[in-house]
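If you want my numbering, it's the position in the sequence shown, counting the first as 1, plus 290.
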Amino acid sequence: MKRIILLLFSLNILILSAQSLDNSLILSPLRNDPRVNENSFSFVLYSFKKQETLLSVNSFKPLIPASVNKLITAVSAYYYLGDDYKFNTYAYLGGEQIDNIWNGNIYIYGTGDPLIGEDFPEKNNFFDSLVYILKSMGIDTIQGNIIADASYWGSDIVPDTYAYEDLGNYYGAGASSLIYNGNVWKIGYKLTPYYGQTAKILFTIPEFPHVTYQNKIKIANRNYGNYTNVIGRPLAKSYIFSGTIPKGNGDTIFVKASSPDPAYGFAWKTKQSLSSNGIFVNGNLITTYNDTVIYDNKYLILNYESMPLDSVISFTIRNSYNVGAEALAKAISKKYGDGSYKSYETLAKKMLYKYGADTTEIKIYDGSGLSRKNLLTADALLTIFIASRNENWYDDLNNALAIAGVNGTLKNFLKNTPLENNLRAKSGYLRYTRGFAGYFDIPDSMDTFAFVILVNDFKADTKYLTKNIEKVLLNSYNELTNIYSASKNNEDVSKISQ
């Protein structure tokens, strides 16, 4: 009887302590900061072992999630596309071969693989495979054009709700059905020691001879770094580069813009790869976004498959890769809807509702979270963490999250703290907005805790907000550690008293 009473006392200590977390202490870094609006942040903390929400503040309030929105995209992709889904890129030949010459065109048809390119996990495997096949056919000359067919998703490359100032920059590139190197346009500048001089463009990768640009970028002091902005948008005919780059002594620095013509960029890379391997193309680079080419009379020579879905999601989440997220959203919409973002929103909210989230005030306008019109609740994000624990892709999602102080977007977050190499999360950032959602463990507790924190309308540099969020998470960790330590001590006392 004495043993039973002591064990019950120990359990009561644990339950009482978990339910009486010091909320004022945990949230004090935000509540004591006059730049934080009490009605513009939300926080929720959940124990998987207890299956209970331990702390909840404004958890049903719709807020801008920034890139935390990618969690919805990732879970939607697992839910709708399945483990075996892959993006395909096809190469066709039209015409005939005479000796070592192909008299006709090469056609490239894509379905949105976002990982092709030297800066991405699939590297140049598609282009290398095409070279290998043509060489195995004995072809060293293409007497025709390279036609890049991006009609699968059409010409609506970016969501309508992206901010105008984001469209020309690399992170606003959007997803086309042919994507080379993340649809990034690299502008190579020469660094010179001449302060105030207009910086010289050396080259661009890819080259877009049909696009004009105004170069207004100046050389600044060495201490000023790279502060540039690009005005333009996909399929625009002109771009404006402005801002400053640091002075230097002839080195090259890249300014990254969104691709003005993604399909053309893919065709350009195809020609570069063929030419550098001794296969010469004596035609033009032609693109199409809306007019579907008839392939019945063409020869399929390559069906290139992307990496598995979990690899696409992992790279997208860990590196907060906007184009990857938009590609996943479009793939879902194309497979189960009409290919539009409105269709994707309907499907994503249907998934959330099935998992138990209140979707009444949720708005989803893109896959990446770059749109400021997106609205999510902390409760909805928590719901997908809870639901995913019962899915066969839970480990994949968990492994996709960046690890605090170790990698991805969290490499410098919570470094040299007890949460380094412990907390896993997706981060989100827009001007005046910060968000994090993920998990952390308490040593020896046999428990994992999910958390979501979203803060909007922070009227200062978000680096200060990030520090406050770190403090909130550390306070949560310390409070829970103290509770479980007290519980363990009580259990030890009960054993001694038996």
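Just so it is clear, CB atoms sit at the ideal spot from N, CA and C, and this is done for glycine as well.
{"Asked": "Assumed close pair Arg724, Thr771 - CB separation to whole angstroms, cut-off 8 Å", "Found": "The Cβ separation is near 25 Å, so there is no contact."}
{"Asked": "Residue closest to Ala615, alpha-carbon to alpha-carbon, out of Leu599, Phe416, Arg325", "Found": "Leu599"}
{"Asked": "Presumed contact (8 Å Cβ cut-off) between Leu481 and Gly533, rounded CB distance", "Found": "Going by Cβ atoms, the distance from Leu481 to Gly533 rounds to 14 Å, so no, they are not a contact pair."}
{"Asked": "Collapsed DSSP secondary structure at Leu671 in the structure displayed", "Found": "helix"}
{"Asked": "Meets three-Cβ-pair contact criterion under 8 Å: the segment 434-441 and the segment 567-587", "Found": "yes"}
{"Asked": "Continuous beta strand (DSSP E) stretch holding Tyr336: start and end", "Found": "331-337"}
{"Asked": "C-alpha gap between Ser784 and Tyr626, whole angstroms", "Found": "Low confidence applies here, because Ser784 scores a pLDDT of 40, under 50, leaving its location unreliable; read the following figure in that light. Near 58 Å, if we compare the C-alpha coordinates of Tyr626 and Ser784."}
{"Asked": "Length of the line joining the Cα atoms of Ser735 and Tyr774", "Found": "6 Å"}
{"Asked": "Three CB pairs or more closer than 8 Å across the segment 465-474 and the segment 498-507", "Found": "no"}
{"Asked": "Check whether Ile354 and Asn746 have beta carbons under 8 Å apart", "Found": "yes"}
{"Asked": "Per-residue burial, Pro733 [other beta carbons within 10 Å of its own, 16 or more giving buried]", "Found": "exposed"}
{"Asked": "Nearest-angstrom Cα separation, counted from Leu665 out to Glu242", "Found": "Since the displayed the chain opens at 291 and closes at 788, residue 242 lies outside it and no answer follows."}
{"Asked": "Beta-carbon contacts of Leu704 that lie in its chain and below 8 Å, excluding the five residues immediately before and after", "Found": "Ala694, Gly695, Glu710, Leu713, Glu760, Leu763, Leu764"}
{"Asked": "6 Å Cβ shell around Trp683 - same chain, five flanking residues per side excluded", "Found": "Tyr368"}
{"Asked": "Under the three-state DSSP convention, the category Asp734 falls into", "Found": "coil"}
{"Asked": "Buried versus exposed call for Glu769 [16 or more other C-beta atoms within 10 Å across all chains shown]", "Found": "buried"}
{"Asked": "Minimum C-alpha distance to Ala638 - residue among Ser565, Lys360, Gln341", "Found": "Lys360"}
{"Asked": "Segment contact, 8 Å Cβ cut-off, at least three pairs: the segment 620-635 with the segment 312-331", "Found": "no"}
{"Asked": "Proximal residues to Leu790 (C-beta, below 6 Å), its chain only, five neighbours per side dropped", "Found": "The structure shown has nothing for residue 790, since the chain only spans 291 to 788."}
{"Asked": "Sheet register partners of Asn393 (DSSP bridge)", "Found": "Glu386"}
{"Asked": "Contact test: Tyr442 Cβ vs the ligand MN heavy atom, cutoff 7 Å", "Found": "You won't find the ligand MN in this model; it holds no ligand whatsoever."}
{"Asked": "Neighbourhood of Thr542 by C-beta, 8 Å cutoff - its chain only, sequence neighbours within 5 removed", "Found": "Gly478, Tyr479, Lys480, Leu481, Leu492"}
{"Asked": "Status (buried if at least 16 other CB within 10 Å, exposed otherwise) for Thr488", "Found": "exposed"}
{"Asked": "Within 8 Å, strictly: CB atoms of Asn593 and Tyr380", "Found": "yes"}
{"Asked": "Supposed contact pair Gly659 and Val358 - C-beta distance, whole angstroms, cut 8 Å", "Found": "6 Å"}
{"Asked": "Endpoints, beta strand (DSSP E) assigned at Arg714", "Found": "714-720"}
{"Asked": "Closest by C-alpha distance to Ser330, when choosing among Pro449, Asp648, Ile676, Phe350", "Found": "Phe350"}
{"Asked": "Minimum Cβ-Cβ distance from Gly538 to chain C less than 8 Å", "Found": "Note that chain C does not occur in the displayed structure, where there is just one protein chain."}
{"Asked": "Gly728, buried or exposed, once every other Cβ within 10 Å from all chains shown has been counted against 16", "Found": "buried"}
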